[in-house]
Amino acid sequence: MLKSAIKDLPVAEISQLLSEAGGQGNSSQFFVQLGEHSASSTLVLGVETDPEAPFTLHEDFALQLTVLLREPIDTAALLGSPAVFMRLNGGKLVPMHGLVGGIQASRKASDPAALDVTLVSPLHLLKKRRHNRVFVDRNALDIATELLRDALGDLCDIQIAADQPEPAAMLTQYEETDYAFIRRILAREGIFIHLSQAEQRTQLYLTSQLSDVPEAKTILRLPYMTNSGAAKDKDHINHVERRYQLAPSAIHLKDYNPDTGFDLNIAGHSETGGNAGDTEHWGLNYPTPEAGQQLEKRLAGYHYWQSQVIELVTSAKGMLPGQIIALTGHPAHSGNYRVVQVAFSGDQSSLNNSGGGSREFQCRVWVLPLDIDYIPYCPPRDSLPLALSARITEEVDEQGCYRLRYPFDERADGDGYSSSPTRNAQPFGGSDHGMHFPLAKSSEVVVSGLNGDLDRPVILGALFNHEAPDLVTRDNAHTNLIQTRGGHTLRMDDTAQQAHILLATAEDKNRLLLDASEDNEKAELVSDEGDVEIQAGRNMLLQSGSDMVVTVGEDQQVEIGGDETLLTETGDIQVSAGENFILDAAEDIQWRAETGNLSISAGADMHMEAEGQRFDEVRNGDYQVQVEQGEYLLQAGGDISMVSESGNLTLKNGAAQIQITADGSLLLEAAQIELVSDNILASGGALSNN
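Take the sequence shown: its letters are residues 10 to 699, numbered as in my numbering.
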């Protein structure tokens with residue numbers, strides 16, 4: 010811990026030692042303690058705030074000191090050591106705590122023991138720390154507090170004097186110093202850093218109101234006097250100047266956020282009091298219209314207070330940002346003001362025998378009227394038109410989004426979400442249409458930020474790597490391939506003489522092949538272990554330019570709601586059954602051969618049965634029933650009628666026959682005719698014997 014200079018050595022003793030060492034009666038007004046070396050070991054010859062780093066709000070400061078060593082000091086060991094510069098004001102020491110940021114032999118003083126020392130604020134350490142990291146669902150104040158405590162340790166006591174803002178979905182630090190990152194995320198919420206200089210060390214306040222800092226608790230009354238009329242030892246203000254600068258007239262914010270559906274184009278605009286025209290910002294990534302309105306007001310408020318700054322020149326050595334000054338006696342600007350920036354320079358080289366004779370001090374102070382709020386500058390984040398590699402940490406959610414981890418994010422999975430929900434860009438999409446190939450956990454993807462903002466990542470595509478080698482290489486360079494995690498494949502192969510398209514499930518068990526290979530073009534639909542179903546809401550046409558073969562391993566069933574026609578134009582129809590062949594109709598069955606024969610053949614018995622009548626008709630030829638071996642039985646439950654309308658009716662067996670001729674004669678012809686009956690009646694017009 011950096012010790013207090015007051016505790017080490019009383020002011021009177023310091024003045025006495027330096028007076029004796031300098032050989033002059035005037036006491037020193039400035040002191041510095043470097044590391045563990047007491048203030049009496051050095052003499053401050055001159056001091057000036059760095060023009061590029063004055064003592065102001067929300068920023069680092071730097072002091073350029075010319076120091077004379079009163080005792081040997083290892084100057085190289087001082088670099089980075091705690092240091093405190095003190096201004097004597099009204100009998101009290103006003104400290105400014107910091108670090109030795111640079112040290113070298115003096116270019117200003119001729120004494121070889123003189124050094125030029127740069128004292129920087131504790132915030133300077135943040136400029137030397139650069140990180141790449143991601144914060145998800147955390148607010149800026151919480152993040153800044155954590156990073157400040159980690160970086161500054163015991164150099165500062167951190168005091169929170171601001172309300173907790175809403176958590177941000179995602180905040181990314183990429184190729185950015187901790188200094189720039191912390192200031193950026195705080196300023197966006199209207200919170201700023203104030204370095205309050207306590208006796209022992211810096212009290213770092215995180216606040217949104219200057220009225221909350223210790224320096225604002227008392228009012229410093231300073232009269233306006235010209236130097237010619239001012240008492241030499243009385244603090245006063247000798248110069249007052251209003252600053253004028255161009256500023257935008259109004260601020261407009263516009264944005265688009267697909268995740269909320271809100272209209273983020275802020276309808277109104279915030280006046281700044283300037284006259285340089287309107288300023289529009291696009292894509293500042295605010296989640297709601299209300300948040301956008303607050304941000305717009307803060308941006309406008311910054312430009313407004315910048316246009317109200319008044320510059321004062323004073324002899325007071327104890328000026329600090331945050332103080333309240335009551336300016337009196339000025340004809341135009343008397344009133345109460347709040348200090349926002351301090352720059353001073355002092356020369357007391359006259360205390361050194363080898364130095365000059367001057368002893369001067371001047372302090373320039375920038376102030377705001379007390380009723381105007383200080384708002385830190387909120388720089389829009391630099392657009393980063395780049396693409397980064399990332400890994401999927403959570404697969405697709407209910408909105409079709411993913412979570413991913415940037416390669417520089419070293420947090421563990423148990424440390425919370427790795428990103429905000431992230432959309433996956435697709436080559437085709439719309440309100441009720443599109444395409445999406447889900448990404449697996451650990452997949453490597455290429456990511457860009459919407460509007461160049463890495464807090465709004467968008468997945469541009471997936472990448473192959475050594476863990477997930479590319480499916481298409483030099484070995485299959487003509488293959489266009491889609492393959493899912495389950496092994497489902499769409500392959501479009503342009504290989505010469507082997508061109509084909511294959512749509513298949515895992516292991517090709519179900520596949521549609523469109524083969525365009527040379528001399529073997531075909532289309533193939535196959536299910537090796539399952540069913541194939543083809544259905545048409547209306548007509549279905551199956552057409553083959555050559556042969557068609559249908560092979561069924563077991564049963565085949567064809568169900569037809571209407572008629573079926575099986576037609577060949579020039580060839581035969583053959584229906585063959587390994588066992589039975591059944592034709593069944595609810596009504597009629599018709600077999601017809603228009604110009605040729607109809608043959609029905611059975612290897613064993615043939616049985617024809619009709620519930621009603623049976624009618625056999627031969628129109629132009631003969632009707633023949635032939636039994637080669639066996640009997641012919643004609644049996645009826647009623648009458649049997651055999652009618653020949655114009656020819657003979659003949660029953661013949663061997664040499665014997667019975668014939669009824671067309672003219673009505675009956676011929677019985679046999680080697681022997683036997684008539685057996687109980688009664689035989691012969692009747693006729695004539696009876697003759699041959």
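Every residue, glycine too, gets a C-beta built ideally from N, C-alpha and C.
- Message: Quick check: THR65 and VAL349, are their CB atoms within less than 9 Å of each other?
- Response: As a first step, residue 65 is located in the sequence shown; it is residue number 56 there, counting from the start. As a first step, residue 349 is located in the sequence shown; it is residue number 340 there, counting from the start. It is a contact, given that the beta carbons lie within the stated cut-off.
- Item | Helix, strand or coil at SER36 [DSSP, three-state] | By 1-based counting over the sequence shown, the position of residue 36 is 27. In the structure shown, SER36 sits in coil (DSSP, three-state: anything other than H, G, I, E or B).
- Determine, using beta carbons only, whether ARG142 and GLN182 come nearer to each other than 9 Å. In the sequence shown, residue 142 corresponds to position 133, counting from 1. In the sequence shown, residue 182 corresponds to position 173, counting from 1. In this structure, GLN182 lies closer than 9 Å to ARG142 by Cβ.
- Given a threshold of 16 other Cβ atoms within 10 Å of its Cβ, counted over all protein chains shown, does ILE582 qualify as buried or as exposed? To locate residue 582, count along the sequence shown from 1; it is residue 573. Exposed, since its Cβ has fewer than 16 Cβ neighbours within 10 Å.
- Task: Tell me where the alpha helix (DSSP H) around ILE191 begins and ends.
- Result: For this step, residue 191 is matched to residue 182 along the sequence shown. Its alpha helix (DSSP H) spans residues 187 to 197.
- Would you report the Cα separation of HIS509 and ALA525, rounded to the nearest angstrom? Residue numbering aside, residue 509 sits at position 500 when the sequence shown is read from its first letter. Residue numbering aside, residue 525 sits at position 516 when the sequence shown is read from its first letter. Just so you know, the alpha carbons of HIS509 and ALA525 end up roughly 5 Å apart.
- Task: Return the residue from the list ILE334, ILE491, SER610 that minimises the CA-CA distance to ASP479.
- Result: Numbered from 1 along the sequence shown, position 470 holds the residue referred to as residue 479. ASP479 has its Cα closest to that of ILE491, out of ILE334, ILE491, SER610.
- Item | Sub-9 Å separation of LEU77 and ALA114 beta-carbons | Along the sequence shown, one-based indexing puts residue 77 at 68. Along the sequence shown, one-based indexing puts residue 114 at 105. The criterion of a C-beta distance shorter than 9 Å is not satisfied by LEU77 and ALA114.
- Query: If we ignore side chains and look at the alpha-carbon of each, how far apart do SER674 and ASP625 end up?
  - Reply: Looking up residue 674 in the sequence shown gives position 665. Looking up residue 625 in the sequence shown gives position 616. Their backbone Cα atoms lie some 27 Å apart in a straight line.
- Message: Tell me the rounded alpha-carbon separation between LEU18 and SER47.
- Response: Reading the sequence shown from its first residue, position 9 is the one you call residue 18. Reading the sequence shown from its first residue, position 38 is the one you call residue 47. In this prediction, LEU18 scores a pLDDT of 49, lower than 50, which makes its location untrustworthy; the coordinate-derived value is nonetheless stated afterwards. For LEU18 and SER47, the gap between their C-alpha atoms comes out near 8 Å.
- Message: So, with DSSP's three-state summary, where would you put LYS16?
- Response: Position 7 of the sequence shown, counted from the first residue, corresponds to residue 16. Note on LYS16: pLDDT 44, under 50, position unreliable in the model; no value is reported.
- For ASP159, the first and last residue of its enclosing alpha helix (DSSP H): To locate residue 159, count along the sequence shown from 1; it is residue 150. Boundaries of the alpha helix (DSSP H) harbouring ASP159: 149 to 161, taken from the DSSP string.
- In DSSP terms, what HIS261 is bridged to: In the sequence shown, residue 261 corresponds to position 252, counting from 1. Looking at the DSSP assignment, HIS261 forms a beta bridge with GLU289.
- In chain order, what residues of the same chain have a beta carbon less than 8 Å from the beta carbon of LEU575, not counting five sequence neighbours either side? Along the sequence shown, read from residue 1 onward, the residue named residue 575 stands at position 566. Only ILE582 meet the Cβ criterion.
- Message: For the pair the segment 189 to 204 and the segment 381 to 395, tell me if three or more CB-CB distances fall below 8 Å.
- Response: The count of Cβ pairs closer than 8 Å, one atom from the segment 189 to 204 and one from the segment 381 to 395, reaches three, so the stretches are in contact.
- Task: Can you give me the start and stop residues for the beta strand (DSSP E) that GLN350 sits inside?
- Result: Position 341 of the sequence shown, counted from the first residue, corresponds to residue 350. Per DSSP, GLN350 belongs to the beta strand (DSSP E) from 344 to 356.
- Task: Report buried or exposed for VAL567, applying the criterion of at least 16 other Cβ atoms within 10 angstroms of its Cβ.
- Result: Counting from one through the sequence shown, the residue named residue 567 turns up at place 558. By the neighbour-count criterion, in which 16 or more other beta carbons inside 10 Å mark a residue as buried, VAL567 falls on the exposed side.
- Message: Once the 5 residues before and after LEU293 are set aside, which same chain residues still bring their CB inside 7 Å of it?
- Response: In the sequence shown, residue 293 corresponds to position 284, counting from 1. Once the five neighbours on either side are set aside, the close Cβ partners of LEU293 are LEU262, ASP264, LEU304, PRO389.
- Message: Could you tell me the alpha carbon to alpha carbon distance between VAL405 and SER398, rounded to whole angstroms?
- Response: Translated into positions along the sequence shown, residue 405 becomes position 396. Translated into positions along the sequence shown, residue 398 becomes position 389. So the two alpha carbons sit approximately 18 Å from each other.
- Message: Taking its Cβ as the centre, do 16 or more other Cβ atoms sit within 10 Å of GLY364, making it buried, or is it exposed?
- Response: By one-based count along the sequence shown, residue 364 stands at place 355. In this prediction, GLY364 has a pLDDT of 48, which is less than 50 and means its spatial position is unreliable; what the coordinates show is noted afterwards. GLY364 comes out buried.
- Query: How long is the line joining the alpha carbons of VAL535 and VAL541, rounded to whole angstroms?
  - Reply: Against the sequence shown, residue 535 aligns to sequence position 526. Against the sequence shown, residue 541 aligns to sequence position 532. Within the model, the alpha-carbon separation for VAL535 versus VAL541 is close to 8 Å.
- Query: How should ALA153 be labelled, buried or exposed, when 16 other C-beta atoms within 10 angstroms of its C-beta is the threshold for buried?
  - Reply: On the sequence shown, residue 153 is found 144 positions in, with the first residue counted as 1. Classification of ALA153: buried, given that the 10 Å Cβ count is 16 or more.
- For HIS497, which residues does DSSP report across the bridge? Numbered from 1 along the sequence shown, position 488 holds the residue referred to as residue 497. Note: HIS497 sits in no beta bridge, so no partner.
- Query: Between SER279 and ALA309, which are expected to be in contact by the criterion C-beta below 8 Å, what is the C-beta distance as a whole number of angstroms?
  - Reply: Walking along the sequence shown from the start, residue 279 turns up at place 270. Walking along the sequence shown from the start, residue 309 turns up at place 300. With a Cβ gap of about 3 Å, SER279 and ALA309 count as contacting.
- Query: Do ASP120 and ALA170 have their CB atoms nearer than 9 Å?
  - Reply: Within the sequence shown, numbered from 1, the residue matching residue 120 stands at position 111. Within the sequence shown, numbered from 1, the residue matching residue 170 stands at position 161. No, they are not a contact pair.
- Touch check for the segment 129 to 136 and the segment 412 to 427: three-plus C-beta pairs under 8 Å? Contact fails: fewer than three Cβ-Cβ distances are below 8 Å.
- Task: Excluding the 5 residues preceding and the 5 following THR235 in the sequence, name in chain order all residues of the same chain whose CB lies nearer than 7 Å to its CB.
- Result: The residue given as residue 235 occupies position 226 in the sequence shown. Counting only Cβ-Cβ distances below 7 Å, and skipping sequence neighbours, we find ASN247.
- Secondary structure of LYS306, DSSP reduced to three states: Sequence index remark: in the sequence shown, residue 306 carries index 297 (1-based). If DSSP states are grouped into helix, strand and coil, LYS306 belongs with the helices.
- Name the two residues that bound the continuous beta strand (DSSP E) containing THR323. The count along the sequence shown starts at 1 and reaches residue 323 at position 314. First-last of the beta strand (DSSP E) with THR323: 319 to 323.
- Task: Keeping to the same chain, check which residues put their C-beta closer than 7 Å to that of LEU463; ignore five residues upstream and five downstream.
- Result: In the sequence shown, counting from the first residue as 1, residue 463 sits at position 454. Hits under 7 Å: THR181, TYR183, LEU393.
- Item | Check whether LEU219 and ALA325 have beta carbons under 9 Å apart | Here residue 219 corresponds to residue number 210 of the sequence shown, with the count starting at 1. Here residue 325 corresponds to residue number 316 of the sequence shown, with the count starting at 1. If you check the CB distance, LEU219 and ALA325 do not come in under 9 Å.
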